[in-house]
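Engineer:
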Amino acid sequence: MSMTKESDTNDGIGARQQTSFRSIVSHNLLRPVIGNSFGVKEGKMWGILRQKAGGFTGVSSQGLGLRLWPVTSALRNYSSATKEMTVRDALNSALDEEMAADPNVFVMGEEVGEYQGAYKITKGLLDKYGPERVVDTPITEAGFAGIGVGSAYHGLRPVIEFMTFNFSMQAIDHIINSAAKSNYMSAGQINVPIVFRGPNGPAAGVGAQHSQCYGAWYGSVPGLKVLVPYSSEDARGLLKAAIRDPDPVVFLENELLYGESFPVSAEALDSSFCLPIGKAKIEREGKDITITAFSKMVGYALKAAEILEKEGISAEVINLRSIRPLDRATINASVRKTNRLVTVEEGFPQHGVGAEICASVVEDSFGYLDAPVERIAGADVPTPYAANLERMAFPQIEDIVRAAKRACYRAVPMAASAS
Amino acid sequence: MSMLQLLTKTRTCGVNFIIKRMICTNYYLTSNAYDQANVSSSFSLIGVGHLRRNRKPDAFGFGFSDFSSSNRGVYFGGRYHSSMKLAGEQILSEEDEDEDRDEEEEKQGFDFPGGKIEYTTIINFLPGSFEKRVQCYRVLDEDGYPISSNMTELASKEVALKVYKGMVTLNTMDKFFYEAQRQGRLSFYLTSFGEEAVNLASAAALSSDDIVLAQYREPGVLLWRGFTVQDFANQCFGNKAGHGKGRQMPIHYGSKNLNYVTISSPLTTQLPQAVGMAYSLKMDKKDSCVVAFFGEGSTSEGDFHAALNFAAVMDAPVVFFCRNNGWAISTPVTQQFRSDGIVVKGQAYGISSIRVDGNDALAIYDAVRNARQIAINEQRPILIEAMTYRVSHHSTSDDSTKYRSTDEIEHWKTTHSPVTRFQKWLERKGWWSDSEEAKLHVEAKKEVKQAIDEAEREEMPQLGDMFTDVYDVLPSNLMEQETSLRETIQRHPMDFPKNMPI
Numbered sequence: 001m002s003m004t005k006e007s008d009t010n011d012g013i014g015a016r017q018q019t020s021f022r023s024i025v026s027h028n029l030l031r032p033v034i035g036n037s038f039g040v041k042e043g044k045m046w047g048i049l050r051q052k053a054g055g056f057t058g059v060s061s062q063g064l065g066l067r068l069w070p071v072t073s074a075l076r077n078y079s080s081a082t083k084e085m086t087v088r089d090a091l092n093s094a095l096d097e098e099m100a101a102d103p104n105v106f107v108m109g110e111e112v113g114e115y116q117g118a119y120k121i122t123k124g125l126l127d128k129y130g131p132e133r134v135v136d137t138p139i140t141e142a143g144f145a146g147i148g149v150g151s152a153y154h155g156l157r158p159v160i161e162f163m164t165f166n167f168s169m170q171a172i173d174h175i176i177n178s179a180a181k182s183n184y185m186s187a188g189q190i191n192v193p194i195v196f197r198g199p200n201g202p203a204a205g206v207g208a209q210h211s212q213c214y215g216a217w218y219g220s221v222p223g224l225k226v227l228v229p230y231s232s233e234d235a236r237g238l239l240k241a242a243i244r245d246p247d248p249v250v251f252l253e254n255e256l257l258y259g260e261s262f263p264v265s266a267e268a269l270d271s272s273f274c275l276p277i278g279k280a281k282i283e284r285e286g287k288d289i290t291i292t293a294f295s296k297m298v299g300y301a302l303k304a305a306e307i308l309e310k311e312g313i314s315a316e317v318i319n320l321r322s323i324r325p326l327d328r329a330t331i332n333a334s335v336r337k338t339n340r341l342v343t344v345e346e347g348f349p350q351h352g353v354g355a356e357i358c359a360s361v362v363e364d365s366f367g368y369l370d371a372p373v374e375r376i377a378g379a380d381v382p383t384p385y386a387a388n389l390e391r392m393a394f395p396q397i398e399d400i401v402r403a404a405k406r407a408c409y410r411a412v413p414m415a416a417s418a419s
Numbered sequence: 001m002s003m004l005q006l007l008t009k010t011r012t013c014g015v016n017f018i019i020k021r022m023i024c025t026n027y028y029l030t031s032n033a034y035d036q037a038n039v040s041s042s043f044s045l046i047g048v049g050h051l052r053r054n055r056k057p058d059a060f061g062f063g064f065s066d067f068s069s070s071n072r073g074v075y076f077g078g079r080y081h082s083s084m085k086l087a088g089e090q091i092l093s094e095e096d097e098d099e100d101r102d103e104e105e106e107k108q109g110f111d112f113p114g115g116k117i118e119y120t121t122i123i124n125f126l127p128g129s130f131e132k133r134v135q136c137y138r139v140l141d142e143d144g145y146p147i148s149s150n151m152t153e154l155a156s157k158e159v160a161l162k163v164y165k166g167m168v169t170l171n172t173m174d175k176f177f178y179e180a181q182r183q184g185r186l187s188f189y190l191t192s193f194g195e196e197a198v199n200l201a202s203a204a205a206l207s208s209d210d211i212v213l214a215q216y217r218e219p220g221v222l223l224w225r226g227f228t229v230q231d232f233a234n235q236c237f238g239n240k241a242g243h244g245k246g247r248q249m250p251i252h253y254g255s256k257n258l259n260y261v262t263i264s265s266p267l268t269t270q271l272p273q274a275v276g277m278a279y280s281l282k283m284d285k286k287d288s289c290v291v292a293f294f295g296e297g298s299t300s301e302g303d304f305h306a307a308l309n310f311a312a313v314m315d316a317p318v319v320f321f322c323r324n325n326g327w328a329i330s331t332p333v334t335q336q337f338r339s340d341g342i343v344v345k346g347q348a349y350g351i352s353s354i355r356v357d358g359n360d361a362l363a364i365y366d367a368v369r370n371a372r373q374i375a376i377n378e379q380r381p382i383l384i385e386a387m388t389y390r391v392s393h394h395s396t397s398d399d400s401t402k403y404r405s406t407d408e409i410e411h412w413k414t415t416h417s418p419v420t421r422f423q424k425w426l427e428r429k430g431w432w433s434d435s436e437e438a439k440l441h442v443e444a445k446k447e448v449k450q451a452i453d454e455a456e457r458e459e460m461p462q463l464g465d466m467f468t469d470v471y472d473v474l475p476s477n478l479m480e481q482e483t484s485l486r487e488t489i490q491r492h493p494m495d496f497p498k499n500m501p502i
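Listed in order, the protein sequences are those of chains A and B. In terms of UniProt numbering, the first sequence is numbered consecutively and its last residue is 419. In terms of UniProt numbering, the second sequence is numbered consecutively and its last residue is 502.
#1: Just curious, the alpha helix (DSSP H) that ALA301 of chain A is in, first and last residue?
#2: Just to confirm, does GLY148 of chain A get its C-beta within under 8 angstroms of one of the non-hydrogen atoms of the ligand GDP?
#3: Thinking C-alpha only, which one of A:THR290, A:SER261, A:LYS296 is nearest THR82 of chain A?
#4: I need the boundaries of the beta strand (DSSP E) containing PRO158 of chain A, first residue and last residue.
#5: Less than 9 angstroms between CB atoms is the rule here; does ASN234 of chain B satisfy it with respect to chain A?
#6: Kindly indicate if chain B contains any beta-carbon less than 9 angstroms away from that of SER178 of chain A.
#7: Got a sec? Which residues, its chain only, sit under 6 angstroms from TYR389 of chain B by beta carbon, not counting five neighbours each side?
#8: Could you give the DSSP three-state label for ASP469 of chain B: helix, strand or coil?
#9: Can you name the start and end residues of the alpha helix (DSSP H) that MET500 of chain B belongs to?
#10: Please say whether ARG197 of chain A and VAL250 of chain A have beta carbons closer to each other than 9 angstroms?
#11: CA-CA distance, THR483 of chain B and VAL473 of chain B?
#12: What residue range does the alpha helix (DSSP H) around ILE357 of chain A cover?
#13: By Cβ distance, which residues of its chain are closer than 7 angstroms to LYS424 of chain B, with the 5 residues on each side in sequence left out?
#14: Are the Cβ atoms of ALA451 of chain B and GLN248 of chain B separated by less than 9 angstroms?
#15: Am I right that GLY352 of chain A and GLU363 of chain A are in contact with their C-beta atoms under 8 angstroms? What's the rounded C-beta distance?
#16: Nearest-angstrom Cα distance between ASP398 of chain B and SER271 of chain A?
#17: In the DSSP assignment, the alpha helix (DSSP H) including ILE147 of chain A goes from what residue to what residue?
#18: For the putative contact between ASP360 of chain B and LEU140 of chain B, defined by C-beta atoms under 8 angstroms, what is the C-beta separation to the nearest angstrom?
#19: Could you tell me whether any Cβ in chain B is nearer than 9 angstroms to the Cβ of ARG328 of chain A?
#20: Using a Cβ-Cβ cut-off of less than 7 angstroms, give me the residues of the region 166-196 of chain B that come near chain A, in sequence order.
#21: Is the number of C-beta pairs between the region 270-283 of chain B and the region 296-306 of chain B that are closer than 8 angstroms three or more?
#22: Going by C-alpha distance, which of A:TYR119, A:HIS210, A:VAL134, A:SER186 is nearest MET314 of chain B?
#23: Under the rule that 16 or more other beta-carbon atoms within 10 Å means buried, what is SER334 of chain A, buried or exposed?
#24: Measuring straight from C-alpha to C-alpha, what distance separates ASP284 of chain B and ASN199 of chain B?
#25: Does any residue of chain A have a CB that is nearer than 9 angstroms to the CB of residue 507 of chain B?
#26: Just checking, does the region 214-233 of chain A make contact with the region 124-139 of chain A on the three C-beta pairs under 8 angstroms criterion?
#27: Terminal residues of the continuous alpha helix (DSSP H) containing VAL335 of chain A?
#28: Check TYR137 of chain B in the structure and name its three-state DSSP category.
#29: Short check: CB of VAL290 of chain B to CB of ASP366 of chain B, under 9 angstroms?
#30: Run through chain B and tell me which residues come within less than 7 angstroms of PRO222 of chain A, C-beta to C-beta.
#31: Nearest chain A C-beta to GLY254 of chain B closer than 9 angstroms, yes or no?
#32: Reducing DSSP to helix, strand and coil, say where SER339 of chain B ends up.
#33: What's the gap between the Cα of GLU306 of chain A and the Cα of PRO276 of chain A?
#34: Taking 9 angstroms as the CB-CB cut-off, is GLY109 of chain A touching chain B?
#35: Please classify PHE422 of chain B: does DSSP put it in a helix, a strand, or coil?
#36: Of all the residues that make up the region 185-203 of chain A, which are near chain B by a beta-carbon distance shorter than 8 angstroms?
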């Protein structure tokens, strides 16, 4: 078994040993509780870790207390991934594999069956698994969310699709009051292994009622887990983890990312591949400033980092992957290294994800900050439709670059009266 | 002969359909006997329906759109169609039992999405209200005498006595817990006075494998299944002995072992959940169903419509049990809806529905038993509307004399008490006596008072219970918070209550 120690990323906080292993576990050995950085259930941490290989930055690790069942010889190094996969295919393959592995997993939502999915994420599943496991529903989010929760009360593992999370507001009572709080209110008697997934945030030219980002809303609810994949590997690994997780998970995708292709490693293509819930990923290492982002904004942040590189600023880009639980450890460790922070999100600024990250950093790493935290968020308006207005309502790459520069040239915190 | 008023919908798969509803009296649930009544020459078809392929054929006839005739609720002779039509077949009568029918009209139907519909040249709006309401199934009259002389033995002595004792225990529990709230020992409580039959007789007709999702006025169902008065008291007092670990406010009971899902406050959310659980049961192919209880007020919620619609479409084995008790806090039924109660709504969604006298324990027992059989054997939902009266205030936060007369409350409390009615029947059968009655009351009172005192004395839940069960596994952030809280308590004991177990 090869063990490589990642020395750069998590120094200092918690003295957490970061090791990466490579193992392949067959379906039968997989248990529903999969790697998450929360308290580890004894002997139940399974999963694949991507080995650090040439050309890749960043590692997904399991944290402490691993017990792995290595099957093959450990000294194989993977070369750079040869395969590219769209996020859509990544999600589709993840659903397919999880449905094949566990007969209790089923998909429910509007247009998921015959229509192959409003965004084709569930393509081919109806033919393969039949109408009992791919359920086309009448138009009632409140109805099918409630029904999904009920079926989860009795042991099924539903994956509920909202055509967009904007429509989830019609079902939000069931997500929060029937799903998130159930395990607690019932004193552990009723657990709800449900996944609510669908596109979240703005698309292109769809107006106010189709463009809101719900990361902050769901991220504030105890009892829920909220995941925000960016790349195809994120999509595969996190969706599989979500389906296997015994707690309710809100899985926020992005419509514009569905068609984007990303390279995927062979490990990620394996059907037992899983990413830990609650661990952020350092997409790009840097030493001058930390940029946190999630979903589509990760792509923007990476491009901004390239631009900043040319101007002599080395930016570290963190792909959050998980809004709840928020990987405060990774974020704080990074800020302690770089001393500056820019948070990026598409959602509304007030009470947003960036606000929580900022508070966390101020609470834990105040002494390390050399400049106030810069928050980039969507404009504080319902999304306008006109293309020029829409462009101005959401963060663009240039906004991230400018914010990073501001954070880099401010030496001391400004007076409170500054705007 | 038992009289049932049954509204059913027959369904066809595929494009063929004919009648939408059947309404009949003097109809045995298990037989197809019906009477013919005069057929008015002006009528129109009510709508479309379909039959499941594997469903037993039901007799049905046309419902008349012009309900001005007093025949509402009476079966109209009409065509009897075979239930096994394939998609695309023409509408042809196989047994034309009504020779007064107009031949031309029967042949002309239009193909629409969802099935063929016959047309009419007479413009006629379906009335929104009915002169004669859907009738109510009843076995015992107000004085506890069986109405029909050849009523078959519905319930055994053992079951009947358990039902009665449950009713009295429930009453006693309600009385003393209510008083405990008034004395400040409990923060909240709600009673089920007037609805004892609904609580106990329905539970008696179910099996322990049937899953119950209740609203909040059905603790009797849980009591029947084995939740003790002490368990109820522990939950209400939120102490550490309770199954609930002190997480929920009073009345929000639940027990996984007893197949009673923990009560959830938002109204009617339990209905779609029930359909989901039934869907899961269906996949398990178990000999059990799901029973969802709810009040008539909660049927105004969107979840009611989604759940019934979905249950019908998905063929979920759910029994929807509506307690129509006349009041939703201060809103009377006349302000809640304009339909003829809830029974017609079930039918509107394609669900067989029945209206039952909710203060008649035997009628409820019979109806639930039948409904359960249909739901399980035929894998489809059933709706029961139990007509009763909420003698209680809505809860301890309500004084219902502010919106209704004390005379009305007294009238229902005394004249229509389900407990008294059942008691009389039991006594006449020789199954119960006055001395046993006195003894039961004494025992119940003792049990309840003891339970309250015990529960009050019991320790509060410990601190750790605040953090567990948020997630399946205690997450690191909550572990940190708990550690930090314990440290703070140690450093500043004066800031924290003394009786809090750590």
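Just so it is clear, CB atoms sit at the ideal spot from N, CA and C, and this is done for glycine as well.
Structural biologist: In terms of the structure at hand:
#1: 296-310
#2: The ligand content of the structure shown is nil, which means the ligand GDP is not present either.
#3: A:SER261
#4: 157-161
#5: no
#6: yes
#7: GLY194, ASN325, GLY326, TRP412
#8: coil
#9: From DSSP, MET500 of chain B is part of no alpha helix (DSSP H); its letter is neither H nor E.
#10: yes
#11: 16 angstroms
#12: 353-365
#13: ASP143, GLY144
#14: no
#15: Not quite, the Cβ-Cβ distance comes to about 17 angstroms (not below 8 angstroms), so this is no contact.
#16: 57 angstroms
#17: 141-153
#18: 5 angstroms
#19: yes
#20: none
#21: yes
#22: A:VAL134
#23: buried
#24: 28 angstroms
#25: No answer is possible for residue 507 of chain B: the residues shown for chain B start at 1 and end at 502.
#26: no
#27: 328-338
#28: strand
#29: no
#30: VAL470
#31: yes
#32: coil
#33: 28 angstroms
#34: no
#35: helix
#36: MET185, SER186, ALA187, GLY188, GLN189, ILE190, ASN191
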